[in-house]
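Asker: Per the numbering used here: the sequence shown = residues 4 to 284.
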Amino acid sequence: MRWTCQASSCTSATTRTRATRATSSSSTNTRTSRSTPALQDKQVRTLESIGYGAAPMSPALLRRALDVFDCDFMNMFGAGTEAGLQTVLTPEDHRRALAGEEHLLGSIGKAGMGVALRLCDDDLNDVPDGTVGEIVTRSDACMSGYLDQPEETAKVLVDGWFRGGDLAYRDADGFLYLSGRKNDMIIRGGENIYPIEIEDVLSSHPAIHEVAVVGVPDERWGEVVRAHVVVAEGAAFDEDDVRAYARQRLAGYKVPAIFQVDTDFPRNASGKVLKRALRKQ
């Protein structure tokens, strides 16, 4: 078990131990799959499956990872120690995506075994398919509450249902697609903007290795979109080109007003980007 992980150390450990299964964060997969063009030749072929989670992985980067590792992938989405595993995108779902149903690469799957899952509005009313709602779950993995914190417990547990602030919508086939977190949503001139949509678009640009989108205060609009980017190795970042690329794929009000180039992002122990810290920059 490794508490911190760099692309080179992951590859070396896999080769040395001839591992057959691995579980990692999305950020580790991103760094490893894009660390060097030669990785695919070096990657040991003993890996049979990789489970990933902790943060969204864009469809473009996921396809790259699938090509590099050439094994089964499984997306596991959940709320950690508070509610456990919530949804799963199975290896079969990934194979369907590679066979032509590419939209599934952007999905977090369906409710896991033993999990009752709803998408709800702020009043815990179910929302229809195609409408963004909060992921609310109930299972044996749900906590009973925070120790000696009844007020905090009441905010997230309602009649046994856990609400952790993650937003998603459901398609007609029952697959869920993450929209972000309630506290990450950007409100620009009264329009709700979900950062993950912008991140998926920008991460498909060849000059961008990784991207994180946040809202920042603006006198006119209330908030505007700021995109933090890590430039791909060997690439040059042209802000005008990237902005034009975004305009072709996003509504005008979703196109970042500000681009900031970083060498890396602040992260927690599992590799998840700390957007609260980014907003303070």
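Note that CB positions come from ideal geometry on N, CA and C, so glycine has one too.
Measure the beta-carbon distance from Asp143 to Asp174 and round it to whole angstroms, keeping in mind my assumption that it falls under 8 angstroms.
Answerer: Incorrect: roughly 27 angstroms between the Cβ atoms, too far for contact.
Asker: For Glu202 versus Ala210, is the C-beta distance shorter than 8 angstroms?
Answerer: Cβ atoms of Glu202 and Ala210: not closer than 8 angstroms.
Asker: Anyone know if the C-beta pair for Arg184 and Phe165 falls short of 8 angstroms?
Answerer: No, the Cβ-Cβ distance between Arg184 and Phe165 is not below 8 angstroms.
Asker: Confirm, please, whether the CB-CB distance from Val227 to Ala260 is below 8 angstroms.
Answerer: Cβ distance < 8 angstroms, so Ala260 and Val227 count as in contact.
Asker: Helix, strand or coil, according to DSSP, for Asn286 in the structure here?
Answerer: Past the edges of the chain, shown from 4 to 284, lies residue 286, and the structure says nothing about it.
Asker: Would you mind listing the alpha helix (DSSP H) stretches within the stretch 88-156 that are 4+ residues and don't spill past its ends, in chain order?
Answerer: Fully enclosed alpha helix (DSSP H) runs of 4 or longer: 94-101.
Asker: Using the rule of at least 16 other Cβ atoms within 10 Å of the residue's Cβ for burial, across every protein chain shown, is Lys158 buried or exposed?
Answerer: Exposed: under 16 other Cβ atoms inside 10 Å.
Asker: For the ligand SAH, I want to know if Pro259 counts as a neighbour, meaning its beta carbon is within less than 7 angstroms of at least one of the ligand's heavy atoms.
Answerer: For the ligand SAH, the structure offers nothing, since it holds no ligand at all.
Asker: Determine the contact status of Ile111 and Leu205, defining contact as a CB-CB distance below 8 angstroms.
Answerer: Cβ atoms of Ile111 and Leu205: not closer than 8 angstroms.
Asker: Taking only three categories from DSSP, how would you classify Ser52?
Answerer: It is a strand residue.
Asker: Is the separation between the beta-carbon of Ile53 and that of Gln89 shorter than 8 angstroms?
Answerer: Not in contact: Ile53 and Gln89 (Cβ atoms no closer than 8 angstroms).
Asker: Curious, which full-length beta strand (DSSP E) runs of at least 3 residues does the stretch 175-222 contain?
Answerer: Counting whole runs of 3 or more residues, the stretch 175-222 contains the beta strand (DSSP E) stretches 179-184, 189-191, 194-196 and 211-221.
Asker: Within 10 angstroms of its Cβ, does Pro40 collect 16 or more other Cβ (buried), or is it exposed?
Answerer: Low local confidence applies: a pLDDT of 48 at Pro40 is under 50, so the model's placement there is unreliable, and no value is given.
Asker: Thinking His212 and Glu236 are a contact (beta carbons under 8 angstroms), I'd like their distance in whole angstroms, please.
Answerer: Contact flag correct, Cβ pair sits at about 7 angstroms.
Asker: Using DSSP bridges, identify the partner residues of Tyr172.
Answerer: The partner list for Tyr172 (beta bridge, DSSP) reads Tyr180.
Asker: Just the Cα atoms here: how many angstroms apart are Tyr149 and Ile199?
Answerer: So the alpha carbons of these two residues sit roughly 29 angstroms apart.
Asker: Secondary structure at Val264, three-state DSSP: helix, strand or coil?
Answerer: The answer is strand: DSSP assigns Val264 an E or B state.
Asker: Mapping DSSP to helix, strand and coil, what is Gly83?
Answerer: The answer is helix: DSSP assigns Gly83 an H, G or I state.
Asker: Among Met188, Phe240 and Val233, whose alpha-carbon lies nearest the alpha-carbon of Pro220?
Answerer: Per the Cα distances, Met188.
Asker: Using 8 angstroms as the threshold, is the C-beta distance between Val264 and Val234 below it?
Answerer: A contact, by the Cβ cut-off of 8 angstroms.
Asker: Quick one: using the 10 Å Cβ neighbour count with 16 as the cut-off for buried, is Ala171 buried or exposed?
Answerer: Buried, because 16 or more other Cβ atoms sit within 10 Å of the Cβ of Ala171.
Asker: Looking at the unbroken alpha helix (DSSP H) that takes in Ala247, where does it start and where does it end?
Answerer: Per DSSP, Ala247 belongs to the alpha helix (DSSP H) from Glu242 to Arg250.
Asker: Using the Cα positions of Gly225 and Asp73, report the straight-line distance between them to the nearest angstrom.
Answerer: Cα to Cα, Gly225 sits roughly 45 angstroms from Asp73.
Asker: Select from Gly168, Thr20, Val135 and Arg282 the residue whose C-alpha is nearest the C-alpha of Asn195.
Answerer: Measuring from the Cα of Asn195, the nearest candidate turns out to be Val135.
Asker: Quick one: using the 10 Å Cβ neighbour count with 16 as the cut-off for buried, is Ala239 buried or exposed?
Answerer: The residue is exposed, with fewer than 16 neighbouring Cβ atoms inside 10 Å.
Asker: Are Tyr55 and Ser15 closer than 8 angstroms when you measure CB to CB?
Answerer: Against a cut-off of 8 angstroms, the Cβ pair of Ser15 and Tyr55 comes out as no contact.
Asker: Just the C-alpha distance for Val71 and Leu64, rounded to the nearest angstrom, thanks.
Answerer: Spanning the two alpha carbons is a distance of roughly 10 angstroms.
Asker: Spatial neighbours of Leu120 within its chain, please: C-beta separation below 6 angstroms, excluding the five flanking residues on both sides.
Answerer: Counting only Cβ-Cβ distances below 6 angstroms, and skipping sequence neighbours, we find Ala114 and Thr140.
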